[in-house]
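These notes concern the structure reproduced below.
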Amino acid sequence: MYDLAVKNGKIYRNSGWENNNIYIRDGIIEEISSRDLEARTVLEGEGMKVLPGIIDPHVHFALSVGNFCSADDFQSGSAAGLYGGVTTYIDFLDPVGKGSLVKDALDRRLAQARISHSDYSFHVTAANPVGETESLTDEALRLGIPSIKIFTAYSESGRRTYPAELEELLSLSEKRGTVVLVHGEDEDHITSDPQFGPDDLPGSRPEKSESSMVASLCDMVNRCGGTLYMVHTTCGSSLISARKILGDKYGVNFFMESGAQYFLLNEEHLKGDEGYKYVLAPPLRSLHESETLKKEIDTLFSVGTDHCPFLLNEKKKSLLTRIPFGIGGIEYSFPLMYTLFGDKIIDKMTINPAKLFGLAPRKGMLEPGSDGDLFLFRDGEGKIKGTGHSRCDYNVYENYPVEGQVEKTVLRGQLVMDQQSLTEPEGRFLTREATK
Ligand SMILES: [Zn+2]
Numbered sequence: 078m079y080d081l082a083v084k085n086g087k088i089y090r091n092s093g094w095e096n097n098n099i100y101i102r103d104g105i106i107e108e109i110s111s112r113d114l115e116a117r118t119v120l121e122g123e124g125m126k127v128l129p130g131i132i133d134p135h136v137h138f139a140l141s142v143g144n145f146c147s148a149d150d151f152q153s154g155s156a157a158g159l160y161g162g163v164t165t166y167i168d169f170l171d172p173v174g175k176g177s178l179v180k181d182a183l184d185r186r187l188a189q190a191r192i193s194h195s196d197y198s199f200h201v202t203a204a205n206p207v208g209e210t211e212s213l214t215d216e217a218l219r220l221g222i223p224s225i226k227i228f229t230a231y232s233e234s235g236r237r238t239y240p241a242e243l244e245e246l247l248s249l250s251e252k253r254g255t256v257v258l259v260h261g262e263d264e265d266h267i268t269s270d271p272q273f274g275p276d277d278l279p280g281s282r283p284e285k286s287e288s289s290m291v292a293s294l295c296d297m298v299n300r301c302g303g304t305l306y307m308v309h310t311t312c313g314s315s316l317i318s319a320r321k322i323l324g325d326k327y328g329v330n331f332f333m334e335s336g337a338q339y340f341l342l343n344e345e346h347l348k349g350d351e352g353y354k355y356v357l358a359p360p361l362r363s364l365h366e367s368e369t370l371k372k373e374i375d376t377l378f379s380v381g382t383d384h385c386p387f388l389l390n391e392k393k394k395s396l397l398t399r400i401p402f403g404i405g406g407i408e409y410s411f412p413l414m415y416t417l418f419g420d421k422i423i424d425k426m427t428i429n430p431a432k433l434f435g436l437a438p439r440k441g442m443l444e445p446g447s448d449g450d451l452f453l454f455r456d457g458e459g460k461i462k463g464t465g466h467s468r469c470d471y472n473v474y475e476n477y478p479v480e481g482q483v484e485k486t487v488l489r490g491q492l493v494m495d496q497q498s499l500t501e502p503e504g505r506f507l508t509r510e511a512t513k
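Residue numbers (our numbering): 78 to 513.
Below, the structure is given as structure tokens:
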């Protein structure tokens, strides 16, 4: 007797669809076949698509920034994710400059993450690790979190990592198989002014700050090798130039992530009375760049939400210096991206991040031996309603049309979300190994 079966669904497997049944025991997929077998819980998949649980490689739950804390903690953020088919996510440790501080940073986040309803891992975050790149890499690997994020901006808060250390991290990545995640804005092109408001944001952190940094990052990868993963790419032209500069190394040493906000929203949203709602960094771009991003979708590696919403009363300020940066989106990432791109988006939200970040074959695929993480998706025209299950009190995607909805989500063989109700399962911390 199996614990759970999904019968007669259209299953997404090996980048295609097949009509089959899935059988799960003790949290693991044991059999995918046309046989009709018994299970304690049987989900009827007729008329639905059955997909591997979404992996969101970029979220910020319970993130403290200045006097603010992001609206979703690990409980509400993971719950919102499960309503959107996200069964695994990767958050970040607080920035540290020394390898010896990574363990404490991990322990602090693990304590906060105990209330998570879905499975999770973290990326180490480095802050100006002069003389410490090797110890950071060693600690990250030792603790089962072989991915290190750096910022090329934010020197004012001490978070910036400079080119010499980034090159060292890349060389170490080449040798040890770690992934270096880069928040890529060129600080030389960023301007600030205490009087700036939301509509000044695109000008103060212009497209040039990304294109210039992309050129530098490609150059570094060409010299040092390693694996560089550029988070929240905003401009379609960045994908084009990275591909041109890197040639065969694009998609081998260099990977680009973007999120629904950069496809669906643009700098026009920052104008007008409600511009504060759309304040995030890097900022929303021109309509032209978001259209280019859509055209370049085939060369985008992955989708990460950068989920980091704040409450309306925290956002509703006229000066940028007083507005916490970030918006939400984990619940709607898949329906929105699927509506835009159809089947071609699925790998970018499942197997691609799973492989790069050392979660496959356990996560990101429907195969015997993998965790029983999946969701049932019903095609059909609809609209995003209200604020969803995030604690944030506004939703930038409210009333957006979607061509389908997540009806049921299964985590390690347990039906955890069924038609708008959640069983509040316990998430697990996933240790990972370097993938090279
Ligand atoms: Zn982020």
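Built from N, CA and C at the ideal position, the CB exists for glycine as well.
Note that the structure is a prediction, hence the values are computed from the model and not measured.
query                                                                                                               : result
Residue of Glu475, Asp450 and Gly221 minimising C-alpha distance to Leu413                                          : Glu475
Nonlocal neighbours in the same chain, by C-beta distance under 6 Å from Thr500, ignoring five residues either side : Val493
The region 293–303 touching the region 372–384, judged by at least three CB pairs closer than 8 Å                   : no
C-alpha distance - Val257 paired with Thr165, whole-angstrom precision                                              : 20 Å
Length of the line joining the Cα atoms of Thr28 and Leu361                                                         : Only positions 78 to 513 of the chain appear in the structure, and residue 28 is not among them; the question remains open.
Nearest residue (CA-CA) to Thr521, options Phe434, Leu170 and Val173                                                : With the chain covering only 78 through 513, there is no way to say anything about residue 521.
Selected residue, minimal CA-CA separation from Asn472, among Ala148, Gln497 and Phe332                             : Ala148
Among Tyr327, Leu81, Ser111 and Ile423, nearest to Glu95 - alpha-carbon criterion                                   : Ser111
Proximity below 9 Å, CB of Phe520 to CB of Gly162                                                                   : Since the first residue shown for the chain is 78 and the last is 513, residue 520 is missing from the structure and cannot be characterised.
Straight-line gap, Met125 to Lys485 (C-alpha atoms, nearest Å)                                                      : 10 Å
Sequence-distant residues of its chain with Cβ nearer than 8 Å to Lys460 (five each side left out)                  : Asn476, Tyr477, Pro478 and Val479
The alpha helix (DSSP H) enclosing Ala337, as first and last residue numbers                                        : Ala337 to Leu341
C-alpha distance - Ser250 paired with Ile132, whole-angstrom precision                                              : 22 Å
Between the CA atoms of Glu366 and Gly324 - distance to the nearest angstrom                                        : 22 Å
The region 314–324 touching the region 343–354, judged by at least three CB pairs closer than 8 Å                   : no
Close Cβ partners of Gln152 (< 6 Å) along its chain, the five nearest in sequence each way excluded                 : Ile192
Complete runs of the beta strand (DSSP E) confined to the region 275–311 [at least 3 residues]                      : 305–307
The region 197–205 contacting the region 164–181, beta-carbon criterion three pairs below 8 Å                       : yes
With 16 other Cβ atoms within 10 Å as the buried cut-off, status of Asn343                                          : buried
N-terminal and C-terminal residue of the beta strand (DSSP E) that Arg505 is part of                                : First-last for Arg505: undefined, no H or E at that position.
Length of the line joining the Cα atoms of Leu81 and Val483                                                         : 18 Å
Within 9 Å, strictly: CB atoms of Ala337 and Gly406                                                                 : yes
Span of the alpha helix (DSSP H), counted from its first residue to its last, around Pro172                         : Premise fails: Pro172 is in no alpha helix (DSSP H) and is neither H nor E.
Residue closest to Tyr409, alpha-carbon to alpha-carbon, out of Ser155, Ala116, Phe506 and Ser281                   : Ser155
Nonlocal neighbours in the same chain, by C-beta distance under 6 Å from Asn429, ignoring five residues either side : Phe378 and Ser379
Burial state of Arg489 (16 or more Cβ within 10 Å)                                                                  : buried
Burial state of Leu397 (16 or more Cβ within 10 Å)                                                                  : buried
Span separating the alpha-carbon of Thr310 from that of Met333                                                      : 7 Å
Lys440 in three-state terms, based on DSSP                                                                          : coil
C-beta contact flag for Ser248 and Cys301 at 9 Å                                                                    : yes
For Gln189, three-class secondary structure by DSSP                                                                 : helix
Classification of Met78 by the beta-carbon crowding that lies within 10 angstroms, buried from 16 upward            : exposed
Which of helix, strand or coil DSSP assigns to Gln152                                                               : helix
Exposure of Val259, with buried meaning 16 or more beta-carbon neighbours within 10 Å                               : buried
Cross-strand partners of Tyr409 (DSSP beta bridge)                                                                  : For Tyr409, which the question treats as bridged, DSSP gives no partner whatsoever.
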